[in-house]
């Protein structure tokens, strides 16, 4: 091959025209035929390798280092890696929806957990033809996405003419245009004139100050089986903002090698929710990994496994991984027991600060059963609460579990319990509990059988018996004529909860299920039948709760979040079994998404209601500073509801949004950012419409915005 800057194949250049634009336009025009995830089904085998090591900062000469500790550290890094994982897998794809990768072998230095077997695939998208390209779990707008010529600056830097094939490779530098505000990347595209396909791409995020990790990706393509361009190697470089004594920078390097590619295979069609599966016997030893390495073996691998394995075993460092995994669920492991964090300290406006302790067995004692209990005391209501449960895992692969539960606690009037025990600090739903100011005493005994119908569908069947006691002056007058009292009643219930996260992708790490999210709606339906006459139960009724949640990403403009919540109660029942609107309208406290920011807690009740929450999040403003990234958010919400037999409810004042409740607001998120993890902002909201307050100033509410990013 030889360089020839005068050969441009079919590119025609006119005066004043950027020659790179015509090349990029040809790439865009041929995206569909060159995208490996379109047109053809395929199957391939892969070998991936990820390692952590250290290197000298730029400009530092190793020969000038006199610190003995640093000299020994570099000698160690010459012999081995700090961390190493290798994986062999087979992937099967049939467009548009069937996609499954099976990990058949993996090895991890020091650890046995299968989560490490999937690390390499999580760093970047498989193909650079995606309009929104994922890099280190964050989406960026691709330079060859529609509108790319408007968003990006392209510069033709070199051409390489291939005499053998009479084709040309064009090297084009790209970066976001000045003044354009979007999540973009910068780097180099190597475009082959044969079918205007990507031959190679190097890309990294543009203008990312304050990031703990600086990623860079390299993708290499080749014509495979004489049929089409297909990735042959996918690499990621991670530079961590960590150094030791100014001499050693921690870096990560990963490579995915693709081989044995077959096109137009016979495979399943339709949607497959399990996108990654790690076989139970996939954990391999070094000898079996040697067979799949090929010519990538350097000798460091064997020394790394031997050394790191011994260090981890001697110091029980594998327990740190267990602590991280269990703590992420909100449970602190102590031997064979776990302590739920939420049972130690919590807060709501009725109980005030709630102090307590919970203890339950974990999988170290048994993978089949779990027993636990808790007690708590409210410093404001001066009441003790307690409870316990027994869980049996009947089938781990399908997450079929049987739960027996008994408690004597408090329960928000008019709310709906979805029996969801997932703990997630990023989910703002848990912060809504801080605003609850009206709860009834509840004695509860129940049984729950849950499991997966499919990997993205979950069904729960339940039955319970409850005794409620009102803790305020509220009375339900029909209780005088029933077999209860005006302050207390019993109910018996059966029902189901159905969760469907449409097209949700999941990973199965041996028997553990990990969600990869979905771009489609998430649906939840709870249907309850109240059975009067069972023991001392007072009421026959039907109760439904239905929620839909979807987020739409708009390329180059932000995202829209829509949440719909509807409730229906058929039958004459106390307010406990109606539906409360979720109000968080208290000044200078937290802003909570998908709640009414200007509505007082327990202000509105309905036996038939519907609410809609809308949020438009603009792209963050790039300031060039690592401590601030202002992100504007528009908020609007509305509620409608009706209530029959209002005269039956006495001793407690409430409203029903029959005329429609409305509010809107503006939030500026991430005014202050810490390590790109914690963001603080502020919001202002306004209540208007039939239920606006008499004084204009009272309709304005001011909130603090907190955003966590893990």
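Numbering (the numbering used here), first residue to last: 2 to 711. Cβ atoms here follow ideal geometry from the backbone N, Cα and C, with glycine treated the same way. Quick caveat: nothing in here was measured; it's all calculated off a predicted structure.
For residue i, which of helix, strand or coil comes out of DSSP?
{"i": "residue 705", "result": "strand"}
{"i": "residue 554", "result": "strand"}
{"i": "residue 281", "result": "coil"}
{"i": "residue 254", "result": "strand"}
{"i": "residue 334", "result": "strand"}
{"i": "residue 608", "result": "coil"}
{"i": "residue 11", "result": "Low confidence applies to residue 11: its pLDDT is 49, below 50, so where it sits in the model is not reliable enough to give any reading."}
{"i": "residue 5", "result": "In this prediction, residue 5 scores a pLDDT of 44, lower than 50, which makes its location untrustworthy; no coordinate-derived value is stated."}
{"i": "residue 75", "result": "helix"}
{"i": "residue 402", "result": "strand"}
{"i": "residue 487", "result": "coil"}
{"i": "residue 535", "result": "coil"}
{"i": "residue 18", "result": "coil"}
{"i": "residue 373", "result": "strand"}
{"i": "residue 116", "result": "helix"}
{"i": "residue 33", "result": "helix"}
{"i": "residue 123", "result": "helix"}
Given a threshold of 16 other Cβ atoms within 10 Å of its Cβ, counted over all protein chains shown, does residue i qualify as buried or as exposed?
{"i": "residue 148", "result": "exposed"}
{"i": "residue 699", "result": "exposed"}
{"i": "residue 670", "result": "buried"}
{"i": "residue 697", "result": "exposed"}
{"i": "residue 367", "result": "exposed"}
{"i": "residue 582", "result": "buried"}
{"i": "residue 420", "result": "exposed"}
{"i": "residue 370", "result": "exposed"}
{"i": "residue 55", "result": "buried"}
{"i": "residue 596", "result": "buried"}
{"i": "residue 459", "result": "buried"}
{"i": "residue 152", "result": "buried"}
{"i": "residue 4", "result": "With a pLDDT of only 42 at residue 4, under 50, the local geometry of the prediction cannot be trusted, and no value is derived from it."}
{"i": "residue 461", "result": "buried"}
{"i": "residue 585", "result": "buried"}
{"i": "residue 34", "result": "exposed"}
{"i": "residue 441", "result": "buried"}
{"i": "residue 705", "result": "exposed"}
{"i": "residue 79", "result": "exposed"}
{"i": "residue 49", "result": "buried"}
{"i": "residue 470", "result": "exposed"}
{"i": "residue 709", "result": "exposed"}
{"i": "residue 7", "result": "Low per-residue confidence applies at residue 7: pLDDT is 41, beneath 50, and the placement is therefore not dependable, though the value from the model is reported in the following sentence. With fewer than 16 other Cβ atoms within 10 Å, it is exposed."}
As a quick exercise: from the options, pick the residue whose alpha carbon is nearest that of residue i.
{"i": "residue 88", "options": "669, 238, 129 and 46", "result": "46"}
{"i": "residue 103", "options": "208, 280, 26 and 173", "result": "280"}
{"i": "residue 432", "options": "594, 301, 439 and 488", "result": "594"}
{"i": "residue 200", "options": "345, 278, 32 and 57", "result": "32"}
{"i": "residue 1", "options": "106, 173, 39 and 215", "result": "What the structure shows of the chain is the stretch from 2 to 711, and residue 1 is not part of that stretch, so it cannot be assessed."}
{"i": "residue 691", "options": "255, 641, 131 and 477", "result": "641"}
{"i": "residue 476", "options": "79, 678 and 654", "result": "654"}
{"i": "residue 252", "options": "575, 213, 430 and 111", "result": "213"}
{"i": "residue 555", "options": "101, 567, 619 and 196", "result": "619"}
{"i": "residue 237", "options": "705, 202 and 250", "result": "202"}
{"i": "residue 635", "options": "474, 667 and 415", "result": "667"}
{"i": "residue 534", "options": "230, 490, 265 and 650", "result": "490"}
{"i": "residue 195", "options": "630, 175 and 229", "result": "229"}
{"i": "residue 127", "options": "177, 100 and 235", "result": "235"}
{"i": "residue 301", "options": "77, 580 and 131", "result": "77"}
{"i": "residue 701", "options": "695, 189, 709 and 685", "result": "685"}
{"i": "residue 303", "options": "405, 109 and 219", "result": "109"}
{"i": "residue 689", "options": "42, 204, 638 and 652", "result": "638"}
Suppose only complete runs of 3+ residues qualify. What are the beta strand (DSSP E) ranges in the region 546-605, listed by chain order?
559-571
Under 8 Å, with one C-beta from each stretch per pair, do the region 108-118 and the region 157-176 reach the 3-pair mark?
no
With a cut-off of 8 Å, do at least 3 Cβ pairs link the region 87-101 to the region 180-187?
no
Segment contact flag, the region 624-632 with the region 653-666, C-beta cutoff 8 Å, min 3 pairs
Using a C-beta cut-off of 8 Å, the region 624-632 makes no contact with the region 653-666, since fewer than three inter-stretch Cβ pairs fall below that distance.
Stretch pair the region 378-394 + the region 533-544: three plus CB contacts closer than 8 Å:
No: fewer than three Cβ pairs fall under 8 Å.
Just checking, does the region 541-551 make contact with the region 429-449 on the three C-beta pairs under 8 Å criterion?
no
Between the region 634-652 and the region 452-469, do at least 3 Cβ pairs fall closer than 8 Å?
Contact between the region 634-652 and the region 452-469 is absent, because fewer than three Cβ pairs lie under 8 Å.
On the three-pair Cβ rule with 8 Å, is the region 355-366 touching the region 439-452?
no
Is there contact between the region 348-355 and the region 381-389, where contact requires at least three CB pairs shorter than 8 Å?
yes
Please list the segments of the beta strand (DSSP E) lying wholly inside the region 190-215, counting only runs of 3 or more residues, in order along the chain.
The qualifying runs are 198-206.
Beta strand (DSSP E) runs wholly inside the region 628-709, at least 3 long, in chain order
632-643, 662-675, 679-689 and 701-709
4-residue-minimum alpha helix (DSSP H) runs that sit fully inside the region 421-485, ordered along the chain
Assignment of alpha helix (DSSP H) within the region 421-485, counting only whole runs of 4 or more residues, yields 430-433 in chain order.
Could you check whether the region 496-505 touches the region 516-534, counting it as contact only if at least three pairs of C-beta atoms, one from each stretch, sit closer than 8 Å?
yes
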